[in-house]
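Asker: In the numbering used here, the protein residues as written are 683 to 1128. The structure is given below, and queries will be raised subsequently.
Okay, structure coming up:
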């Protein structure tokens, strides 16, 4: 067997193992997320639950302030591992950890000052009579999220090793600890937003802190970060690619995660709850597809570095079948959604069937777009995605305001989310086709 055949077989074997392991882990994670919804809702009530979901959206923004270094690390690390360059891989990891530390300390200081000096109640459209101590809640959650910020790079490290199942496992353990903590708050009778916020931000911090020594002192001591190996040229190389990922991350956050904040401002915090219930229900398919697609990202980097385009074409055909199966499954989810909602959260929350249809369409657009973008990300041709996602992000907020003003209906808000994501889907499909068939020129190759 030739070396390319051996590499292809090894890559496919590792891919299958990670997909199987990720299915188990993500299945567990999905159950935890589903259980968290009624536990948190019953603990806090509809209004405070909507406030917590809105705060969570802000925390996700903070969690993505790594200027793309995490995704830059995973791509560059996969390249160095493919070329057996352990020294540069270790220098890369050390430099990325150092850069993240330099980013986080001033970011944390600025955020705490903003919370202390700004009218957070007015910004989030929250009633002081309903929620007490909002500033304190925000400051505590920011401290823990910022503390987690650097250590969560461990997840990107495992992705760079083509082991996304391990990264998923760390996330799932954090979610499980958070669920247990939230349930303890519920049965204690305190029903405190502060306590819910605390356990949900402390849990992932503890998991990553414990994972660090196990990863770099037990499993991969030859890749352990060291201050002596911090190299600004390595930091610059990962930054060059990372900035592109960062702009796309921020643009995606505007599209995906500002929804809770906008709904809270344009409608009411109580409207965030039914929106999130439908989102979490249909995003089960997004989670399922991410489990399948995520291992393809760095496997594609490995295949592209070795010139194995045939492997990429073969993988693409398999994803075509999976995408069709997901479309059919989502149609079934819409049909049974009224009964699922009643079983899941009870009869207190009423959800219009049209909201389910709109949300299913939105999630499928994301899935169909991701089905190509993960391959493109693995190859590292990011400029078109950067342009499209940035444009969509710029258009989304004014269009969301316009749809809310004209319709006063949250369903049209979701339709707006669909419309701004369709151009990205079309461009991703065209670019992928051009790249794998050798017809890409100009901006299609950047």
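Think of the CB as a built atom: it goes at the ideal place given N, C-alpha and C, for glycine as much as any other residue.
1) Compute the Euclidean distance between the alpha carbons of residue 799 and residue 865, then round it to the nearest angstrom.
2) What are the boundary residues of the alpha helix (DSSP H) that includes residue 906?
3) Our contact map puts residue 994 next to residue 982 with C-beta atoms below 8 Å; I'd like the distance itself, whole angstroms only.
4) Smallest Cα separation from residue 840: which of 871, 878, 771?
5) Could you check if residue 784 is buried or exposed, using at least 16 other CB atoms within 10 Å of its CB as the buried criterion?
6) Enumerate in chain order the residues of its own chain whose CB-to-CB distance from residue 877 is below 7 Å, with the five nearest sequence positions on each side excluded.
7) On a CA-only basis, which of 1081, 843, 888, 1128 is nearest residue 764? Give me that one, please.
8) Whole angstroms are fine: how far does the CA of residue 808 sit from the CA of residue 817?
9) Is residue 1110 near the ligand NAD, with its Cβ less than 7 Å from a heavy atom?
10) Do the CB positions of residue 712 and residue 1027 come within less than 8 Å of each other?
11) Judging by CA-CA distance, which residue of 774, 1031, 699, 940 is the nearest neighbour of residue 846?
12) Any idea what DSSP makes of residue 877, helix, strand or coil?
13) Ordered along the chain, which non-local residues of its own chain (more than five positions away) have a Cβ less than 7 Å from that of residue 821?
14) Thinking C-beta only, is residue 1066 closer than 8 Å to residue 1126?
15) What are the start and end residues of the alpha helix (DSSP H) that includes residue 817?
16) Given residue 873, which residues of its chain have a CB within under 6 Å of its CB, disregarding the five upstream and five downstream residues?
17) Just the Cα atoms here: how many angstroms apart are residue 1144 and residue 762?
Answerer: The short version:
1) If you take the alpha carbons of residue 799 and residue 865, they lie about 33 Å apart.
2) Neither: residue 906 is in no alpha helix (DSSP H) and is coded neither H nor E.
3) 6 Å
4) 771
5) exposed
6) 867
7) 843
8) Their backbone Cα atoms lie some 12 Å apart in a straight line.
9) Because no ligand of any kind appears in the structure shown, any question about the ligand NAD cannot be addressed here.
10) no
11) 699
12) Residue 877 falls in the helix class under three-state DSSP.
13) 794, 797
14) yes
15) 816-833
16) 725
17) With the chain covering 683 to 1128 only, the question about residue 1144 has no answer from this structure.
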